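Visitor: So for the sequence shown, this note's numbering puts the first residue at 22; every next one is plus one. In this text, a Cβ means the ideal position worked out from N, Cα and C, and glycines have one as well. All values reported here derive from a predicted model rather than from experimental measurement.
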Amino acid sequence: MAMLRIDDIITSLESIISECDASGSRLGYFAALYLKVTKSVKQGIEAGQFADGARMEKLDVLFAGRYPDAYHQWKNGQQTTASWRIAFEQAARSQVLVLQHLLLGMNAHINLDLGIAAVEVCEGQPLNPLKPDFDMINSVISALTYQVLNELDHISPLLSLLGLHAGNEDSILIQFSIDNARDGAWCFAEDLAQKQADAYQACIMQRDATIAKLGASLVKTKGFMRFTVWVIHLFEWKNVRKIIRELNEYQKKKLQVNSSV
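1. Among Asp-81, Phe-109 and His-93, whose alpha-carbon lies nearest the alpha-carbon of Gly-21?
2. Would DSSP call Leu-34 helix, strand or coil?
3. Once the 5 residues before and after Ala-206 are set aside, which same chain residues still bring their CB inside 7 Å of it?
4. Under a Cβ-count criterion, where at least 16 other Cβ atoms within 10 Å of its own Cβ denotes burial, should His-122 be classed as buried or exposed?
5. With a threshold of 8 Å on Cβ separation, who are the neighbours of Phe-256 within its own chain once the five nearest residues in sequence on each side are excluded?
6. To the nearest whole angstrom, what separates the beta carbons of Ile-38 and Ile-265, a pair I think is in contact under 8 Å?
7. Whole angstroms is fine: what's the gap from Gly-86's alpha carbon to Lys-216's?
8. To the nearest angstrom, report how far apart Gly-49 and Gly-236 are at their CA atoms.
9. Taking three-plus beta-carbon pairs below 8 Å as touching, is the stretch 156 to 175 in contact with the stretch 98 to 114?
10. Taking the runs of the alpha helix (DSSP H) that are 4 residues or longer, which of them lie wholly in the stretch 213 to 245?
11. How would you call Lys-63, buried or exposed, if buried means at least 16 neighbouring beta carbons within 10 angstroms?
12. If you compare alpha carbons, which of Ala-214, Met-157, Ser-163 and Tyr-167 is closest to Val-142?
13. Consult DSSP for Ile-176 and reduce its assignment to one of helix, strand or coil.
14. Leaving aside the five residues before and after Gln-70 along the sequence, list all residues of the same chain whose C-beta is less than 7 Å from its C-beta, in chain order.
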């Protein structure tokens, strides 16, 4: 079987977006965000941004491909990781903010999938030579994701109200950090790389359970935070297809502008 390429992943993501657009599924939100990330990684490889372009493409295919795999497993009623299950389950809840849907996807993908992909791409070899490119791909993910999250104000006009809870250390919704997730993913990869056979699978299962709990915390708000989320939701766009198209088309425009500079 031929090795998948980044273009194959991009095609798969575009298919998911189209499917979610047609069905009005909120699962299309993360797919629209991640399509831009994957395209930007491809551009970085083509521009020689990474130390080992071939290895980086393999890493990205292994990493990015875990999301479409999980999506199709879920759609087909098959078992998926608990981390992705919590993200997919929340797509049925209309009261969950667009921001929360996006963070649920990033939580499962970075906190669990990235470490597994890093170990797989090294194929039993030491992880350290991968670290510079690992950090680089995460810089791309971090920059683009924060950019999208910061530009959600046209979809969710009152999102800035979350700033009222900036000192709330009990809320993962406020404290969630992609940079911390990246560092945690590397530590997880280092731990996983030392395991074999049953211990390898046990390590993944334990990590998955932990990350699933973090995912649940992203949507489990209480007290004044719950009230704030409710107010934000009142003024947030409700048309799922419109949000998917806005996220997708907006990112296309940004990519076109960036590529023309």
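Guide: In short, the structure shows the following:
1. This structure cannot settle anything about residue 21, because the visible part of the chain is limited to 22 through 282.
2. helix
3. Ile-131, Asn-132, Leu-135 and Gly-136
4. buried
5. Ser-177, Pro-178 and Leu-179
6. 7 Å
7. 23 Å
8. 18 Å
9. no
10. 218 to 240
11. buried
12. Ala-214
13. coil
14. Met-157
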